[in-house]
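Numbering (the working numbering), first residue to last: 3 to 199. Here is the structure we will look at.
Below, the structure is given as C-alpha cells:
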C-alpha cells in the first residue's frame with residue numbers, strides 16, 4: 003500500500019535500527035535591528051538638499067570680541083553750516099568757484115539782484131557776501147549795494163568779484179584790496195583769509 007508508513011526492519015547485517023532523532027528547536031527569532039543610516043555623498047544631493055556647513059565655532063576660552071565700527075575719516079570742511087550770499091545776474095559763469103566754496107563746507111545762496119540780496123540778508127545770517135560788479139538794470143549800483151551792506155551788517159565782509167578793469171575804474175566799489183577778487187580761483191583763499199581760517 004503506497005500510503006502505508008515505511009517500517010524500519012532490524013537486520014543483523016546492517017546493525018541495529020537507527021533511533022529517531024528529536025527535532026532540533028528553531029533558533030529564537032531576534033527583533034530586527036533598526037536600519038543604520040549610511041552617509042550619503044554630498045555630490046549626490048541636489049543643491050536644495052545639500053547640507054549647510056556649520057558656522058565656525060569660537061575657540062574655547064577665547065572671549066568674543068565685540069564689533070567696533072571703523073573710525074570715520076576726518077571732514078575736510080572748515081566751515082560747518084556757514085552761508086555765503088552770492089549776488090550775480092549770471093551765476094552760472096562762476097560755477098567752479100561755487101563748487102570750491104561748497105568743498106570748504108559753505109552753503110551758497112544766489113541772488114540775481116540787490117533787492118533779493120538785501121531780503122536774504124534780512125532773513126538769514128551770512129558769513130560774507132560776494133557780489134559781481136557788472137550787473138545791468140539793477141536798482142542800485144554795486145558800490146551802493148556794498149555800502150548798504152556795510153552800514154546795515156557791519157560784521158559781514160563783502161567781496162567784489164570782477165575783472166580788474168571794473169573794480170579799479172571810475173565808480174569802483176570802495177573796498178580794501180584784499181576784498182577784491184579779479185582772478186578765477188582766487189576766491190577760496192580770500193574767503194579763508196576774511197573768515198580767519
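For each residue, glycine too, the CB sits at the ideal point set by N, CA and C. Computed from a prediction, not measured in an experiment: that's the story for all the values here.
Own chain, CB closer than 8 Å to residue i, minus 5 neighbours either side, in chain order
| i | result |
| --- | --- |
| residue 127 | 85 |
| residue 109 | 83, 84, 85, 86 |
Distance CB(residue i)-CB(residue j) smaller than 9 Å
| i | j | result |
| --- | --- | --- |
| residue 130 | residue 197 | yes |
| residue 116 | residue 140 | yes |
| residue 103 | residue 158 | no |
| residue 151 | residue 160 | yes |
Candidates the options, of which the one nearest residue i by Cα
| i | options | result |
| --- | --- | --- |
| residue 111 | 95, 89, 193 | 89 |
| residue 189 | 133, 121, 147, 119 | 133 |
| residue 155 | 185, 187, 138, 121 | 121 |
Neighbourhood of residue i by C-beta distance below 6 Å, restricted to the same chain and skipping five residues each side
| i | result |
| --- | --- |
| residue 114 | 91 |
| residue 99 | 189 |
| residue 74 | Low confidence applies to residue 74: its pLDDT is 49, below 50, so where it sits in the model is not reliable, and the reading given next is rough at best. Closer than 6 Å at the Cβ level, and outside the excluded window around residue 74, lies no residue. |
Local conformation of residue i per DSSP, three classes
| i | result |
| --- | --- |
| residue 90 | coil |
| residue 129 | coil |
| residue 100 | helix |
| residue 85 | strand |
| residue 134 | strand |
| residue 122 | helix |
| residue 182 | strand |
| residue 108 | strand |
| residue 164 | coil |
Buried or exposed (CB count within 10 angstroms, at least 16 for buried), residue i
| i | result |
| --- | --- |
| residue 164 | buried |
| residue 119 | buried |
| residue 16 | Summary for residue 16: the model assigns pLDDT 49, below 50, so the residue's position carries little reliability; its value from the coordinates is reported in the next sentence. So residue 16 ends up on the exposed side. |
Interface flag, residue i vs chain B, CB-CB below 9 Å
| i | result |
| --- | --- |
| residue 84 | Reference to chain B is not applicable here, since this structure consists of a single protein chain. |
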